[in-house]
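Residue numbers (the UniProt record's numbering): 1 to 118. Heads up, the beta-carbon is just placed ideally off N, CA and C, and yes, glycines get one too.
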């Protein structure tokens with residue numbers, strides 16, 4: 001896959017893709033945030049949105065926000081309100097719009113790992 005930004009989340013504590021987790025993707029420009037994409041993750045834990053094919057992606061800074069607390073409460077995980085991890089932001093920079101930027105999130109109620117995947 002060339003170009004675009006994709007997100008994928010796995011609930012490693014329960015061993016399942018994070019189906020139903022809400023994710024927002026913002027372009028960070030001129031000191032503000034502009035919403036580029038939003039939605040809930042599908043059965044495979046991935047966001048199905050045109051941004052994955054490059055729509056609206058330009059060089060610059062971005063922020064993905066994963067709504068982990070809401071997801072865990074909806075899944076019946078006893079995390080309280082607010083949860084230890086309510087929202088997890090991930091800021092990154094696109095330097096080459098011809099490359100694909102895959103953002104896998106692996107998480108539990110108490111920690112997470114985010115990185116640029118293949």
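Close beta carbons around residue 37, own chain, < 6 Å, minus the five adjacent residues each side: The count along the chain shown starts at 1 and reaches residue 37 at position 37. Once the five neighbours on either side are set aside, the close Cβ partners of residue 37 are 25, 49 and 51.
Residue span of the beta strand (DSSP E) that contains residue 32, given as start and end: Here the question's residue 32 lines up with position 32 in the chain shown. For residue 32, the enclosing beta strand (DSSP E) covers residues 32–40.
Ordered list of beta strand (DSSP E) runs contained in the UniProt domain "Transthyretin/hydroxyisourate hydrolase" (5–117), each at least 3 residues: For the UniProt domain "Transthyretin/hydroxyisourate hydrolase" (5–117), whole beta strand (DSSP E) runs of length 3 or above, ordered along the chain, are 5–11, 22–29, 32–40, 60–66, 88–94, 101–108 and 111–114.
Whole-angstrom distance between residue 69 and residue 90, CA atom to CA atom: Within the chain shown, numbered from 1, the residue matching residue 90 stands at position 90. Within the chain shown, numbered from 1, the residue matching residue 69 stands at position 69. Residue 90 and residue 69 have their C-alpha atoms roughly 16 Å apart.
Of the listed residues 13, 16 and 21, nearest to residue 7 (C-alpha basis): Position 7 of the chain shown holds residue 7. Its Cα nearest to that of residue 7, the residue 21 stands out among 13, 16 and 21.
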